[in-house]
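Counting from 2, one number per residue, gives the positions in the sequence shown under our numbering.
In what follows, a single structure is set out as structure tokens and then discussed.
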Amino acid sequence: MQDPDLPDSSSETALRWSAEPILPIVIVPLEAEGEHESDPAVNVPLEPHLQLIEQFLQAKSAGSTQKAYRHQLLKFATHLEAIENRLDPTEKQSQVWETVTAEAIRKYIIALRQGGQKPTSIKQALSAMQSFYKWLRQQGHYPATQALPTDLIDRRLLDRR
Numbered sequence: 002m003q004d005p006d007l008p009d010s011s012s013e014t015a016l017r018w019s020a021e022p023i024l025p026i027v028i029v030p031l032e033a034e035g036e037h038e039s040d041p042a043v044n045v046p047l048e049p050h051l052q053l054i055e056q057f058l059q060a061k062s063a064g065s066t067q068k069a070y071r072h073q074l075l076k077f078a079t080h081l082e083a084i085e086n087r088l089d090p091t092e093k094q095s096q097v098w099e100t101v102t103a104e105a106i107r108k109y110i111i112a113l114r115q116g117g118q119k120p121t122s123i124k125q126a127l128s129a130m131q132s133f134y135k136w137l138r139q140q141g142h143y144p145a146t147q148a149l150p151t152d153l154i155d156r157r158l159l160d161r162r
């Protein structure tokens, strides 16, 4: 008896079916979570300021919060890097979170608003930064005696259009 899943060998379909190339199946063992040795892009070490973002995000439990905060914090880090790249080399500072000023955050919020971001997105960005800076202080990466730059932001700035 013929297998019902295979075409009848006498039919034209069988000739077309058998003429198609057979691709090999390769079984690749899955790596344990956190192991990415086979992917060189994943093994590229992050800059120290980005490592701190990742450490902070690992402490967050909700996946949706991690995703939103990662997006907002990396966007802010990119903004800071773009500003630094426009500076005279003698004025550049290494990107250390404790050197970010309230004025830099205020200008970032204004840039988001001018870029068409909605107030809810801007509030989410500030919330991510506030949470990150509080975590930095708790972990000893931000001086206890220095005011957090996010605490110095006028909240009315968030609602302006």
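Glycine included, each C-beta is placed from N, C-alpha and C at the ideal position.
A quick note: this is a predicted structure, and the numbers were derived from the prediction, not measured.
Unbroken alpha helix (DSSP H) runs of length 4 or more, entirely within the stretch 119–152: which are they?
With a minimum length of 4 residues, the continuous alpha helix (DSSP H) runs that stay inside the stretch 119–152 are 120–139.
Is it right to say Q115 is buried, meaning 16 or more other beta carbons lie within 10 angstroms of its own, or is it exposed?
For the purposes of this step, residue 115 is taken as residue 114 along the sequence shown, with counting starting at 1. So Q115 ends up on the exposed side.
Taking Q110 as the reference, which of F133, H80, N86 has the closest Cα?
The sequence position of residue 110 within the sequence shown is 109, counting from 1. Per the sequence shown, residue 110 should be read as Ile rather than Gln. It is H80 whose Cα lies nearest to the Cα of I110.
Write down the C-beta distance between T153 and A103 rounded to the nearest angstrom, noting that I regard them as a contact closer than 8 Å.
As a first step, residue 153 is located in the sequence shown; it is residue number 152 there, counting from the start. As a first step, residue 103 is located in the sequence shown; it is residue number 102 there, counting from the start. First, the amino acid is wrong: residue 153 is Leu here, not Thr. Right, the Cβ-Cβ distance comes to about 4 Å (below 8 Å), so this counts as a contact.
List the whole-angstrom C-beta distance separating A126 from F77, where the pair is believed to meet the contact cut-off of C-beta under 8 Å.
Against the sequence shown, residue 126 aligns to sequence position 125. Against the sequence shown, residue 77 aligns to sequence position 76. Their Cβ separation, rounded to whole angstroms, is 7 Å, which keeps A126 and F77 in contact under 8 Å.
Tell me where the alpha helix (DSSP H) around P112 begins and ends.
Walking along the sequence shown from the start, residue 112 turns up at place 111. In the sequence on display, residue 112 carries Ala and not Pro. Unbroken alpha helix (DSSP H) run through A112: 103–115.
Helix, strand or coil: how does DSSP classify R156 here?
Stepping through the sequence shown from its first residue, residue 156 is reached at position 155. Of the three classes helix, strand and coil, the one that applies to R156 here is coil, per DSSP.
In this structure, does DSSP put K76 in helix, strand or coil?
Position 75 of the sequence shown, counted from the first residue, corresponds to residue 76. In this structure, K76 counts as helix in the three-state DSSP scheme.
Between I123 and R71, what straight-line distance do the alpha-carbon atoms span, to the nearest angstrom?
Counted from its first residue, the sequence shown places residue 123 at position 122. Counted from its first residue, the sequence shown places residue 71 at position 70. Taking the straight line from one Cα to the other gives about 14 Å.
Could you give the DSSP three-state label for A63: helix, strand or coil?
Locating residue 63 in the sequence shown gives position 62, counting from the first residue. Reduced to three states, the DSSP call for A63 is coil.
For V101, collect the residues of the same chain with a Cβ closer than 6 Å to its Cβ; drop the 5 residues on either side in sequence, then sort them by chain order.
Taking the first residue of the sequence shown as position 1, residue 101 is located at position 100. P150.
Going by DSSP in three states, E82 sits in which element: helix, strand or coil?
The residue given as residue 82 occupies position 81 in the sequence shown. Helix at E82.
Looking at the C-beta of S122, does it have a partner C-beta in chain D at a distance below 7 Å?
The structure shown contains no chain D; it holds only a single protein chain.
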